[in-house]
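There are 2 protein chains.
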Amino acid sequence: MAHEDHKDIVKEIKGTMPDADTLFELADFFKVFGDSTRIRIMCALFEKELSVCCIADIVGMEQSTVSHQLRVLRQENLVKVRREGKQSYYSLEDEHIQKIFEMGLEHIME
Amino acid sequence: MAHEDHKDIVKEIKGTMPDADTLFELADFFKVFGDSTRIRIMCALFEKELSVCCIADIVGMEQSTVSHQLRVLRQENLVKVRREGKQSYYSLEDEHIQKIFEMGLEHIME
DNA sequence: TGAACATATGAACAATTATTCATATGTTAT
DNA sequence: ATAACATATGAATAATTGTTCATATGTTCA
Chain X
1 MAHEDHKDIV KEIKGTMPDA DTLFELADFF KVFGDSTRIR IMCALFEKEL
51 SVCCIADIVG MEQSTVSHQL RVLRQENLVK VRREGKQSYY SLEDEHIQKI
101 FEMGLEHIME
Chain F
1 MAHEDHKDIV KEIKGTMPDA DTLFELADFF KVFGDSTRIR IMCALFEKEL
51 SVCCIADIVG MEQSTVSHQL RVLRQENLVK VRREGKQSYY SLEDEHIQKI
101 FEMGLEHIME
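From first to last, the protein sequence lines stand for chains X and F. No gaps in the numbering here: position 89 of the first sequence is 89 in my numbering, and each next residue is one more. No gaps in the numbering here: position 47 of the second sequence is 47 in my numbering, and each next residue is one more.
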């Protein structure tokens, strides 16, 4: 134990924090934003819905890679799919995404 | 090439996206939020500045682990340090953090 | 100066994850 | 039904990353 009021502070702060499960979920959610391929995919989808092959060309990666990452985005409810003929069209599912992007961009621009 | 307008769409979207470097930086920034230990550290710091040993006790991890993660947070300008005697006191450096947390929490609560 | 304590750092290990290749599934048109 | 195309998925690999132990650095006080 370090300083005089250590114990009190630990107890005080612990009381104010969301439960561990919630913070675990939160970390998992942000993990999705922590990859540049996924960031670029989401960024592309800001404009409009896109087919998988368009996304692959835009971000310059294999169709397979993009499919895998789209699955990750789907699992976290960040994008939704729509089938039209042979193509799958993906679009953003959540308006929080843009705000989170803005916050992030503001931060790194400082 | 997939559908009729594939090429046009790819060109159009590419034109609207921030440059690759920026998006890479953005991903690196969000990567910091993608770990539950760091999330819990930031969450604890919402209340007030804390010493390393308090933080370690609050999140229930080794002092060493916490020090390593605080360095990561420092490198991304998310926290700042203040020495007072033997202790180092850390605090949040950026008001964006709280907003990003809020957005994330709102998302996972749906 | 040296002992005691708080924090930081380096090296090693375990675990997670992004990417690719190969292939399966799903869809359309002949 | 079969060919042609778009997308999804499984397995393998390479790379990144979080944690811990051991130890170094920094600070206070006797």
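We put the CB at the ideal spot given by N, CA and C, even for glycine.
Contact fails between the segment 22-35 of chain F and the segment 47-61 of chain F, because fewer than three Cβ pairs, one in each stretch, are under 8 Å apart. Taking CB atoms only, F/Ile-41 has no neighbour in chain X less than 7 Å away. Secondary structure at F/Glu-25: helix, using DSSP grouped into helix, strand and coil. Counting other Cβ atoms within 10 Å of its Cβ, F/Glu-76 reaches 16 or more and is therefore classed as buried. Annotation: the segment 36-70 of chain F contains the following complete segments of the alpha helix (DSSP H) (minimum length 4 residues), in chain order: 36-45, 52-59. 7 Å or more divides the Cβ of X/His-96 from the Cβ of F/His-96. Using a CB distance cut-off of 7 Å, X/Ala-56 does not count as an interface residue toward chain F. Nearest in C-alpha terms to F/Ser-36, of all of X/Arg-83, X/Ala-27, X/Arg-38, X/Val-52, is X/Ala-27. Under the three-state reduction of DSSP output, F/Lys-86 falls in the coil class, being neither helix nor strand.
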